[in-house]
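K.L.:
Numbering follows UniProt numbering, with no gaps: position 316 of the sequence shown is 316.
Beta carbons: idealized from backbone N, C-alpha and C, even for Gly.
Fair warning: this is a prediction, and the values are worked out from it, not measured in the lab.
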Amino acid sequence: MQEWLGNKSLNVLEWPSQSLNLNPIEHLWRDLKIAVHRRSQSNLTELDRIYIEEWEKLPKYRDGQPLPTLKNKCTETERESVGRITLSNITQLVLSHNKLTTIPANVADLKNLEVLNVFNNQIEELPTQISSLQKLKHLNLGMNRMSTLPRGFGSLPALEVLDLTYNNLNESSLPGNFFYLTTLRALYLSDNDFEMLPPDIGKLGKLQILSLRDNDLISLPKEIGDLAQLKELHIQGNRLTVLPPELGNLDLTGPKQVFKAENNPPTSKSQAQSRMRRVAGAESQMQSRRRRVQSRRCRVADAESQAQSRRCRVAGAESQAQSRRRRCRRRTKASEHLSTYSIKQTPTSPQWPRPESCVRTSGIKL
């Protein structure tokens, strides 16, 4: 156990085997356990009653000295352990749903902190020392009362997710190096007071999620088209009347992409007509693409049918050749059979002996 705790970098409170402070407490619990085990109990209520009764019967002195109370024991133990316990190994700190008004400056002592969640508090400002958390990856500051971010906030080298929703931030609240957070993958700025987005947003090349919902945005910078890895864009609930054409550089129309822009004010009649024309043009392009795909499919189907007909012709030719070979074999066999049969069935002239009566004797001298 000691080795396992050491591998986990956990500080272990010293507990000497002959400690005058802790051993009497151990003996006290041992005596209580033995006394309770000597009595029989049938349910939890009876067990609780027996514990109370046996506790009252325990002696208040041992070896002529009063037993230390649990409160004194904890106080003395805490006093002895001052300076031994360190929080530098903490990696996650969740303080959400409280009434915190500030974050202490010594938060910078948490050198290994990776996740800090202070959602739903009453924090109005952050200490500048928070930028010293070199391993911080996830920072949730949502639903607080912040109107500005500290100087040097953009020097968090490992930050990947930043949640600043439900605050009082605007474009002037961001420090000059805010967009140096080039490791950001998700940035949540919803429910704030942004009227414009700084052009430096294009520096966040690894950004995949950008949420600007429910602000006062009247325009978006053209640099937003430089976010090549963006997969989710939420701009609903703003005052946008026109979108930058560079937004078309982003791939936000796939099945895994999200683009939401509803609940913006209605545009003028000319803008609405131009938008309708663009939509109609996009639909016609989609239809032409569908037609091209359909024609390609038809050509492929025709090629397949031609190949099938060729295979059929080849199969027919092979069948005809086989039938010809069979006819030739039958004819050959038939001719051989006929020649053999004719040889066997040809009659021969028998040499019958002539009778003596038929022998002509005329002119013959006997």
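As a quick exercise: from 256, 225, 121, pick the residue whose alpha carbon is nearest that of residue 95.
P.N.:
As a position in the sequence shown, residue 95 is number 95, starting the count at 1. That would be 121, whose Cα lies nearest to the Cα of residue 95.
K.L.:
What does the Cβ neighbour count give for residue 238, buried or exposed, with the cut at 16 atoms within 10 Å?
P.N.:
Reading the sequence shown from its first residue, position 238 is the one you call residue 238. Buried, by the Cβ-count rule.
K.L.:
Report back the beta-carbon spacing between residue 54 and residue 36 to the nearest angstrom; my notes put them in contact at under 8 Å.
P.N.:
Along the sequence shown, read from residue 1 onward, the residue named residue 54 stands at position 54. Along the sequence shown, read from residue 1 onward, the residue named residue 36 stands at position 36. About 6 Å; that satisfies the 8 Å criterion.
K.L.:
Does the distance from the CB of residue 220 to the CB of residue 207 come in under 7 Å?
P.N.:
Stepping through the sequence shown from its first residue, residue 220 is reached at position 220. Stepping through the sequence shown from its first residue, residue 207 is reached at position 207. Cβ atoms of residue 220 and residue 207: not closer than 7 Å.
K.L.:
What are the complete alpha helix (DSSP H) segments, minimum 4 residues, inside the stretch 148-174?
P.N.:
Here no run is fully enclosed.
K.L.:
Opposite residue 138 in the DSSP bridges: which residues?
P.N.:
The residue given as residue 138 occupies position 138 in the sequence shown. Paired residues: 115, 161.
K.L.:
Sort out for me which residues DSSP pairs residue 188 with in a bridge.
P.N.:
Sequence index remark: in the sequence shown, residue 188 carries index 188 (1-based). BP columns for residue 188 point to 163, 211.
K.L.:
Apply the 10 Å Cβ neighbour rule to residue 263 and answer buried if 16 or more other Cβ atoms are within range, or exposed otherwise.
P.N.:
Position 263 of the sequence shown, counted from the start, is the residue given in the question as residue 263. Residue 263 comes out exposed.
K.L.:
Is it the case that the Cβ atoms of residue 222 and residue 246 are separated by a distance below 7 Å?
P.N.:
On the sequence shown, position 222 is the one that residue 222 refers to. On the sequence shown, position 246 is the one that residue 246 refers to. Contact flag set, yes.
K.L.:
Cα-Cα, which of 103, 155, 150, 332 is closest to residue 173?
P.N.:
Along the sequence shown, one-based indexing puts residue 173 at 173. The candidate whose alpha carbon is nearest that of residue 173 is 150.
K.L.:
Taking the straight line between their C-alpha atoms, what separation do you get for residue 176 and residue 152?
P.N.:
Working through the sequence shown from its first residue, we reach residue 176 at position 176. Working through the sequence shown from its first residue, we reach residue 152 at position 152. The straight-line gap from Cα to Cα measures roughly 8 Å.
K.L.:
So for residue 92, helix, strand or coil by DSSP?
P.N.:
By 1-based counting over the sequence shown, the position of residue 92 is 92. In the structure shown, residue 92 sits in a strand (DSSP, three-state: E or B).
K.L.:
Would you kindly work out how many angstroms separate the C-alpha atoms of residue 51 and residue 187, rounded to a whole number?
P.N.:
Translated into positions along the sequence shown, residue 51 becomes position 51. Translated into positions along the sequence shown, residue 187 becomes position 187. In a straight line, the C-alpha of residue 51 is about 56 Å away from that of residue 187.
K.L.:
How about residue 193 and residue 166: do their beta carbons lie closer than 7 Å?
P.N.:
For the purposes of this step, residue 193 is taken as the residue at position 193 of the sequence shown. For the purposes of this step, residue 166 is taken as the residue at position 166 of the sequence shown. Not closer than 7 Å, so no.
K.L.:
Between the beta-carbon of residue 47 and the beta-carbon of residue 41, is there less than 7 Å?
P.N.:
Within the sequence shown, the letter at position 47 stands for residue 47. Within the sequence shown, the letter at position 41 stands for residue 41. Yes; because the gap between Cβ atoms is below 7 Å, this pair is in contact.
K.L.:
Quick one, which of 180, 170, 323, 234 has its alpha-carbon nearest residue 201's?
P.N.:
Position 201 of the sequence shown, counted from the first residue, corresponds to residue 201. With distances taken between Cα atoms, residue 201 lies closest to 180.
K.L.:
Identify whether residue 262 lies in helix, strand or coil by the three-state DSSP scheme.
P.N.:
Walking along the sequence shown from the start, residue 262 turns up at place 262. Residue 262 falls in the coil class under three-state DSSP.
K.L.:
Which residues mark the beginning and the end of the alpha helix (DSSP H) in which residue 46 is found?
P.N.:
Reading the sequence shown from its first residue, position 46 is the one you call residue 46. From DSSP, the alpha helix (DSSP H) with residue 46 extends over 44-57.
K.L.:
Just tell me which of 97, 154, 113, 329 has its CA closest to the CA of residue 178.
P.N.:
On the sequence shown, position 178 is the one that residue 178 refers to. Looking at the Cα atoms, 154 is the closest of the given residues.
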